[in-house]
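Have a look at the structure below before the remarks.
Number of protein chains: 2
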Amino acid sequence: MQSSAERCNQTLAHYLAQQPEISHLRTAMSYSITNGGKRFRPALVYMTLKALGVSLEKGDDIAAAIECIHTYSLIHDDLPAMDDDELRRGNPTCHIKFDEATAILAGDALQTLAFEIIANSQNLSDSQKVRIIQVLSKASGPAGMVGGQAHDLDSEGKQLTQVELEAIHNRKTGALIAACTEMACIAADAPKAIHTTLKDFSLTLGLAFQVSDDIIDITSSTEVLGKQQGSDHELDKATYPKLLTLDGAQAYLSQLKEKALTLLNQAELNCSEQLISLTHFVADRDH
Amino acid sequence: MQSSAERCNQTLAHYLAQQPEISHLRTAMSYSITNGGKRFRPALVYMTLKALGVSLEKGDDIAAAIECIHTYSLIHDDLPAMDDDELRRGNPTCHIKFDEATAILAGDALQTLAFEIIANSQNLSDSQKVRIIQVLSKASGPAGMVGGQAHDLDSEGKQLTQVELEAIHNRKTGALIAACTEMACIAADAPKAIHTTLKDFSLTLGLAFQVSDDIIDITSSTEVLGKQQGSDHELDKATYPKLLTLDGAQAYLSQLKEKALTLLNQAELNCSEQLISLTHFVADRDH
């Protein structure tokens, strides 16, 4: 994961350096982009390419673009009108560090930059670019991430069933995680069957990521989390431990891990070691 | 302009109907998209295609996409942390009609939809789509619209020179207006020389649009404007009448109009009648 993160950070630094600095806009974009994320989504892109036997260069712009989308969503989610979070990974959130207007614009600009990076990529054909933008826009729009966030905000304080909670997470985080493997498959010109199996795998992995996030929110400390411990719980948000108990959520996480590993086993991949490790990382992490 | 608006409205209605309704997200997107805009940018796309002798179908998705970007920027600009406007074209702004979180997400989703529409277009080749997304993302990102908005917010209460004010407007509104003719030229496979002349034309037209906006803000009534009369003046924003006096601003608008008409005359167009009328409309409008 570390080498994936370093690769992705280099690409992001390259593209951010090309942006003009106006007011604090570029500084705010860089601040949030470099705010210590795990670069889980870029890792998934690179590890999928590796599993498909394709050179990592093909993934550089995809990894950078998806991290721009992910970061923009965090900046906007943290705003006072949304989750109203003051800490993100141990540092002040963008609107606390700068101001609300700058945070809104930095998020907007990072979304734009994601599509600009793909459209201007030197490593992808026009046909690949178009299909990647189709996937990225669908995964981040109303049918995906933004829709999931709207549903999530709307569900605060409501009693949700597991099916409803899963629908929220599949949109809010799952769609973008599934887009990582899908876009890597497009860049690798992978056969259709592999697209499908890896999509099932990454949706399962994304759900596991969310379940483990919910578990960590109540089992870890504020210091380790880098955000207020129990903050999701406090907001009266639906979480897996609330729905299934903590033991139940942990058992569910184990099931999802097994399912993800089985799917990896079914896919005919050149080398699935890294994706197997990533699955263990997601299910077994404590922060 | 009316037939351009109707064409564009049909395309937008088609794409919005495909979005899932989650919480009030699609309703909020539709509310702002259908809130009585003049559809100036779509008109510029269609009129450029007409001037280049190309069928209007080639412009449908471009016109819809640019209107999504324009509308998203208005929703976010109206937010309390930005311009804090409660009225837009005589109706409550998105965050007043719904709430701030919904307005932020509706803006985000409209930006995403713009790129999704181009990537999924049935009327454009992959190469055209890629070049259009390059133009649209550059024009709406930090080097364009979002950068202009950041600069504009930063300049409130400051004494600006005409050069500085022009730099703000060229980014904030000019870049997107210039993108209209540029994207139409791409869709029409127009010769390079025409791209350049029409870009100069539309930048001039965009600046004229802004100067006339500033003039109207102080000469028109709240009722005609559909927003608080004198609101830019109140915010202590730099405007052309403030910088040049009202007479000076009107004289400058006339110069810009003449320049735009001269550029149209220089470009070798099949039929420039509509673009000539549009130029008169921009310079002579009273609301």
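Chains A and B, in that order, give the protein sequences. Heads up, the first sequence is in the numbering used here, so the first residue is 2 and it goes up one at a time. Heads up, the second sequence is in the numbering used here, so the first residue is 2 and it goes up one at a time. From the three backbone atoms N, C-alpha and C, an ideal C-beta is built for every residue, glycine too. These figures come from a predicted structure and were not determined experimentally.
Residue-level contact to chain B via CB, M184 of chain A, 8 Å cutoff: On the first sequence, position 183 is the one that residue 184 of chain A refers to. Not closer than 8 Å to any Cβ of chain B, the Cβ of M184 of chain A fails to qualify, so no.
Where R89 of chain A sits in the DSSP three-state scheme: Within the first sequence, the letter at position 88 stands for residue 89 of chain A. Looking at R89 of chain A - three-state DSSP - the assignment turns out to be strand.
Cutoff 8 Å; reference K39 of chain B; Cβ partners in own chain excluding five residues on either side: For the purposes of this step, residue 39 of chain B is identified with residue 38 of the second sequence, where counting begins at 1. So the list reads M2, A6, once near-sequence residues are dropped.
Three-state secondary structure (DSSP) of Q112 of chain B: Mapped onto the second sequence, residue 112 of chain B falls at position 111. Three-state DSSP puts Q112 of chain B in a helix.
Straight-line Cα distance separating D127 of chain B from E117 of chain B: Taking the second sequence and counting its residues from 1, one reaches residue 117 of chain B at position 116. Taking the second sequence and counting its residues from 1, one reaches residue 127 of chain B at position 126. Rounded to the nearest angstrom, the two C-alpha atoms are 13 Å apart.
Where L125 of chain B falls: helix, strand or coil (DSSP): Sequence index remark: in the second sequence, residue 125 of chain B carries index 124 (1-based). DSSP places L125 of chain B in coil when its eight states are reduced to three.
Residue environment, N266 of chain B, which counts as buried when at least 16 other CB atoms sit within 10 Å: Here residue 266 of chain B refers to the residue found at position 265 when the second sequence is read from its first residue. N266 of chain B is exposed by the Cβ-count criterion.
Euclidean distance between Cα positions of K260 of chain A and L204 of chain A: Against the first sequence, residue 260 of chain A aligns to sequence position 259. Against the first sequence, residue 204 of chain A aligns to sequence position 203. Spanning the two alpha carbons is a distance of roughly 11 Å.
Where the alpha helix (DSSP H) containing I289 of chain A begins and where it ends: Shown here, chain A extends from 2 to 288; a query on residue 289 of chain A therefore has no answer.
Entirely enclosed beta strand (DSSP E) segments - the region 138-191 of chain B, minimum 3 residues: none
Nearest-angstrom Cα separation, counted from Q20 of chain B out to A250 of chain A: Start at 1 with the first residue of the first sequence, and residue 250 of chain A comes out as number 249. Start at 1 with the first residue of the second sequence, and residue 20 of chain B comes out as number 19. Near 32 Å, if we compare the C-alpha coordinates of Q20 of chain B and A250 of chain A.
Below-8 Å beta-carbon distance, I63 of chain A vs any chain B residue: Locating residue 63 of chain A in the first sequence gives position 62, where the first residue counts as 1. False, the Cβ-Cβ gap to chain B never drops below 8 Å.
CA nearest to the CA of I23 of chain A, picked from A:A52, A:A110, A:K59, A:L45: On the first sequence, residue 23 of chain A is found 22 positions in, with the first residue counted as 1. Of the candidates A:A52, A:A110, A:K59, A:L45, the one whose C-alpha sits nearest the C-alpha of I23 of chain A is A:A110.
C-alpha distance - R89 of chain B paired with E58 of chain A, whole-angstrom precision: One-based indexing of the second sequence puts residue 89 of chain B at position 88. One-based indexing of the first sequence puts residue 58 of chain A at position 57. For R89 of chain B and E58 of chain A, the distance between alpha carbons rounds to 46 Å.
Span of the alpha helix (DSSP H), counted from its first residue to its last, around T240 of chain A: Working through the first sequence from its first residue, we reach residue 240 of chain A at position 239. Careful: T240 of chain A lies outside any alpha helix (DSSP H) and carries neither H nor E.
Cβ pair S141 of chain B, L177 of chain B closer than 8 Å: Along the second sequence, one-based indexing puts residue 141 of chain B at 140. Along the second sequence, one-based indexing puts residue 177 of chain B at 176. Yes, the pair counts as a contact, with Cβ atoms nearer than the cut-off.
Where V147 of chain A meets chain B, residues with beta-carbon distance less than 9 Å: For the purposes of this step, residue 147 of chain A is taken as residue 146 along the first sequence, with counting starting at 1. By Cβ distance, chain B contributes I23, L26, L106, A107, D109, A110, T113.
Nearest-angstrom Cα separation, counted from E269 of chain A out to P192 of chain A: The sequence position of residue 192 of chain A within the first sequence is 191, counting from 1. The sequence position of residue 269 of chain A within the first sequence is 268, counting from 1. Rounded to the nearest whole angstrom, the CA to CA distance from P192 of chain A to E269 of chain A is 10 Å.
The ligand SAM heavy atom lying under 7 Å from the CB of I169 of chain A: As for the ligand SAM, it is missing from this structure, which has no ligand bound.
Residue-level contact to chain A via CB, S141 of chain B, 8 Å cutoff: In the second sequence, counting from the first residue as 1, residue 141 of chain B sits at position 140. Yes, because at least one Cβ of chain A sits closer than 8 Å to the Cβ of S141 of chain B.
Own chain residues within Cβ distance below 7 Å of N124 of chain A, not counting five before or after: Translated into the one-based positions of the first sequence, residue 124 of chain A becomes position 123. Counting only Cβ-Cβ distances below 7 Å, and skipping sequence neighbours, we find E58, K59, D61, D62.
Rounded C-alpha distance that separates Q136 of chain A from M184 of chain A: Position 135 of the first sequence holds residue 136 of chain A. Position 183 of the first sequence holds residue 184 of chain A. Checking the displayed sequence, the identity of residue 136 of chain A turns out to be Val instead of Gln. Spanning the two alpha carbons is a distance of roughly 7 Å.
Neighbouring residues, chain A, relative to H152 of chain B (Cβ below 8 Å): Here residue 152 of chain B refers to the residue found at position 151 of the second sequence. Neighbours of H152 of chain B on chain A, chain order: I23, S24.
C181 of chain A, buried or exposed, once every other Cβ within 10 Å from all chains shown has been counted against 16: Sequence index remark: in the first sequence, residue 181 of chain A carries index 180 (1-based). Looking at its Cβ environment, which holds 16 or more other Cβ atoms inside 10 Å, C181 of chain A is buried.
Limits of the unbroken alpha helix (DSSP H) element including M48 of chain A: To locate residue 48 of chain A, count along the first sequence from 1; it is residue 47. Run containing M48 of chain A: 41-52, per the alpha helix (DSSP H) assignment.
Status (buried if at least 16 other CB within 10 Å, exposed otherwise) for E68 of chain A: For this step, residue 68 of chain A is matched to residue 67 along the first sequence. Buried, by the Cβ-count rule.
Coarse secondary structure for A82 of chain A, derived from DSSP in three states: For the purposes of this step, residue 82 of chain A is taken as the residue at position 81 of the first sequence. Coil at A82 of chain A, not helix or strand.
Any 3 or more C-beta pairs closer than 8 Å across the region 24-31 of chain B and the region 81-101 of chain B: yes
Uninterrupted alpha helix (DSSP H) stretches inside the region 247-285 of chain A (no shorter than 4 residues): 274-285
Terminal residues of the alpha helix (DSSP H) in which Q11 of chain A lies: The residue labelled residue 11 of chain A in the question sits at position 10 within the first sequence. It spans 3-18 - the alpha helix (DSSP H) in which Q11 of chain A sits, taken as one unbroken run.
Closer than 7 Å at the beta carbon, the chain B residues around I134 of chain A: As a first step, residue 134 of chain A must be located in the first sequence, where it is residue number 133. Chain B residues near I134 of chain A: F116, A120, I134.
Per-residue contacts from M83 of chain A into chain B (C-beta, under 9 Å): Counting from 1 along the first sequence, the entry for residue 83 of chain A is found at position 82. Here the neighbours are E101, A102, I105, L106.
Cβ of L211 of chain A within 8 Å of any chain B Cβ: Position 210 of the first sequence holds residue 211 of chain A. Contrary to the premise, residue 211 of chain A reads as Gln rather than Leu in this sequence. No, no contact with chain B.
Residues near L199 of chain B in its chain [Cβ-Cβ closer than 7 Å; skip 5 each side]: The count along the second sequence starts at 1 and reaches residue 199 of chain B at position 198. T49, T182, C186, A268.
Residue burial classification, C272 of chain A (beta-carbon count within 10 angstroms, cutoff 16): For the purposes of this step, residue 272 of chain A is taken as the residue at position 271 of the first sequence. By the neighbour-count rule (16 or more Cβ atoms within 10 Å), C272 of chain A is not buried but exposed.
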